[in-house]
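J.: Counting from 5, one number per residue, gives the positions in the sequence shown under the numbering used here.
C-beta: ideal position from N, C-alpha, C; glycine also.
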Amino acid sequence: QRRVRGICQSQMARHFARVLPRQLIRARGCSSSTEMGWATRNLMQAREPLLFTPGPLTTSASVKQAMLVDIGSRDARMIQVIQDVRDKLLEMAGVSQRSGWECVLVQGSGTMAVESVVSSCVPSPDKGGRLLVASNGAYGERMATMAKMCGIEVDILRYDETETVNPDDVVAELANHKYSHVGVIHHETTAGSLNPVEQIGQAIKQHDPSISFFVDSMSGFGAYGVDLEAGNVSYLVSSANKNIEGVPGFAFALCRKERLVSEGVNARSLSLDLLSQWKGLENNGQFRFTPPCHALLAFRQALAEHEAEGGMPGRLARYTANFDVLKAGLGELGFEPYLAEEVQGSIITTFLFPDDKNFDFDRFYSQLSKQGLVIYPGKLTKAQCFRLGTIGRLYPADMQNLVLNIRQVLVDMGVQLPVTQTKLEDDNVLTG
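(1) On the DSSP letters alone, give me the boundaries of the beta strand (DSSP E) that R449 sits inside.
(2) Going straight from the alpha carbon of Q87 to that of R81, what length do you get?
(3) To the nearest angstrom, report how far apart I248 and L93 are at their CA atoms.
(4) With DSSP as the reference, please indicate the residues paired to R162 in a beta bridge.
(5) Hey, quick one: how far does the beta strand (DSSP E) through C259 stretch, first residue to last?
(6) To the nearest whole angstrom, what separates the beta carbons of S197 and G76, a pair I think is in contact under 8 angstroms?
(7) Determine the direct distance from the alpha carbon of A97 to that of L232, and round the result to whole angstroms.
(8) Can you tell me where the alpha helix (DSSP H) holding H211 begins and where it ends?
(9) Going by the CB atoms, is the gap between V188 and A138 shorter than 7 angstroms?
(10) What are the uninterrupted segments assigned as alpha helix (DSSP H) that are 4 or more residues long and contained completely in the segment 383 to 418, given in chain order?
(11) Does the beta-carbon of F453 have 16 or more other beta-carbons within 10 angstroms, so that it is buried, or is it exposed?
(12) Which one of D159, D173 and Q412 has the shortest CA to CA distance from S184?
(13) When the Cα atoms are used, what is the spatial distance from I29 to Q69?
(14) How far does the alpha helix (DSSP H) with Q111 in it extend, from its first residue to its last?
(15) Quick one: what does DSSP say P358 is sitting in, helix, strand or coil?
(16) Excluding the 5 residues flanking G155 on each side, which residues of the same chain have their C-beta closer than 7 angstroms to its C-beta?
(17) If you draw a straight line from the C-alpha of S64 to the C-alpha of T168, how long is it?
(18) Name the DSSP bridge partner or partners of Y239?
(19) What does the Cβ neighbour count give for F355, buried or exposed, with the cut at 16 atoms within 10 Å?
(20) So is P422 buried or exposed if we call it buried at 16+ other beta carbons inside 10 Å?
(21) Can you check whether the CB of G396 is closer than 7 angstroms to the CB of M316?
(22) Kindly list the residues whose CB is nearer than 7 angstroms to the CB of A195, restricted to its own chain and excluding five residues on each side of it in sequence; keep chain order.
This is the structure:
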């Protein structure tokens, strides 16, 4: 049934590609292809690509269709959409306003919501503010950089990209200094590792319950559940264009209300003031500044589809099936995931370059892109690699198609199959 739905959505997308330009000409009185514009000429006549990325990602035709309506930012219908989104995100997380939680929507990318929490809720050093970031990749480092730029005292507990954060190490670091906040990435997409956020939060609470625990769950929430209460989470941030399969335009912070109210007074920015943003939403149901109306409409539809698929368990089941097919197919070509099985998540997987002089990543990427298959460059600091996302409106058959095309591109390059990988003696990392 899922595959049939995907086929129907694909057919709908092709229908819009053919019909919508003509409808626009008739409805708006356009008289030439020039007046139709860049999007019609360059995008709507081509087959829609599949995005094997960690977001933005492939969305359903119905999510795209939801954006084909213009609704005013102060319109009662838009205000209701905003309220629906806030309520349903809390429900998805297993909490509610009645139980002391709030959902704050923030315009922009997920990074902006992370910075909104950091810059608004961590006090300055003279008020006792100090942040510990447990980092095993680029996004933990980014959180620490935000803090430094805001004048926040910050320390970094660093791990290798192949490792996950250890709760015992966090507690040991907390014993060295007095911290007001601890931050960690839930699913670190630098390599694809999944950190044990609930265990980390429990360990922090046992050490000092006054410490606020901040989780960047950008690529985790919507597929991997987090028990906010049991995990001692104070703030959790994610984005519209990840596992819930909306489009870019806004992110959100799920906040323990008593922490938000007491700590949110430390804002260092007008537009990223998290407490003021929440107060505005509570006061009149509106954003303080222009909201991303079309992204909100798309996200409302994406929430309905997420629920219909079975919520987080159903969404994760499909992503896991995608990952299993991808891993098995590339394994036959000689590729193995960069991370160990106990560390690897099902959202995005890092693969190292083949140890073959004929392999050229730019050509590899370009040839796949011409087939409508968009992959992701690597982000590791010590190995050349590429990454493949298994999220978005993708299914196991799409993974099989990707593997077949990867094989053909490698053959066309003259890369010997199965590929081989070599090990560097100085850092014990497989590399190409």
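T.: Checking against the coordinates, here is how it stands:
(1) Since the first residue shown for the chain is 5 and the last is 436, residue 449 is missing from the structure and cannot be characterised.
(2) Looking up residue 87 in the sequence shown gives position 83. Looking up residue 81 in the sequence shown gives position 77. In a straight line, the C-alpha of Q87 is about 10 angstroms away from that of R81.
(3) Start at 1 with the first residue of the sequence shown, and residue 248 comes out as number 244. Start at 1 with the first residue of the sequence shown, and residue 93 comes out as number 89. Between I248 and L93, the C-alpha separation is close to 10 angstroms.
(4) Position 158 of the sequence shown, counting from 1, holds the residue named residue 162. S139, per the DSSP bridge assignment.
(5) If you number the sequence shown from 1, residue 259 lands on position 255. Here the beta strand (DSSP E) through C259 covers F254 to R260.
(6) The residue you call residue 197 lines up with position 193 of the sequence shown. The residue you call residue 76 lines up with position 72 of the sequence shown. About 43 angstroms; that fails the 8 angstroms criterion.
(7) Locating residue 232 in the sequence shown gives position 228, where the first residue counts as 1. Locating residue 97 in the sequence shown gives position 93, where the first residue counts as 1. Roughly 7 angstroms between the two C-alpha positions.
(8) Here residue 211 refers to the residue found at position 207 of the sequence shown. Looking at the DSSP string, the run of the alpha helix (DSSP H) that includes H211 is V201 to H211.
(9) As a position in the sequence shown, residue 138 is number 134, starting the count at 1. As a position in the sequence shown, residue 188 is number 184, starting the count at 1. Against a cut-off of 7 angstroms, the Cβ pair of V188 and A138 comes out as a contact.
(10) 400 to 417
(11) There is simply no residue 453 to check, as the chain begins at 5 and stops at 436 in what is shown.
(12) As a first step, residue 184 is located in the sequence shown; it is residue number 180 there, counting from the start. Nearest option by C-alpha distance: D159.
(13) The residue labelled residue 29 in the question sits at position 25 within the sequence shown. The residue labelled residue 69 in the question sits at position 65 within the sequence shown. No answer about I29 holds up, because its pLDDT of 36 lies below 50 and its placement is not dependable.
(14) Translated into the one-based positions of the sequence shown, residue 111 becomes position 107. Counting along the chain, Q111 falls outside any alpha helix (DSSP H), though it belongs to the beta strand (DSSP E) covering W105 to Q111.
(15) As a position in the sequence shown, residue 358 is number 354, starting the count at 1. In the structure shown, P358 sits in coil (DSSP, three-state: anything other than H, G, I, E or B).
(16) In the sequence shown, the residue the question calls residue 155 occupies position 151. Excluding sequence neighbours, G155 sits near S128.
(17) Taking the first residue of the sequence shown as 1, we reach residue 64 at position 60. Taking the first residue of the sequence shown as 1, we reach residue 168 at position 164. Straight-line Cα distance between these residues: approximately 33 angstroms.
(18) What you label residue 239 is simply residue 235 of the sequence shown in a count that begins at 1. Y239 is bridged to F218 and C259.
(19) Position 351 of the sequence shown, counting from 1, holds the residue named residue 355. Buried, since its Cβ has 16 or more Cβ neighbours within 10 Å.
(20) Here residue 422 corresponds to residue number 418 of the sequence shown, with the count starting at 1. So P422 counts as exposed.
(21) As a working note, residue 316 is residue 312 in the sequence shown. As a working note, residue 396 is residue 392 in the sequence shown. Contact: no.
(22) Within the sequence shown, numbered from 1, the residue matching residue 195 stands at position 191. The answer, listed in chain order, is G141, E165, T166, Y342, L343, T354 and L384.
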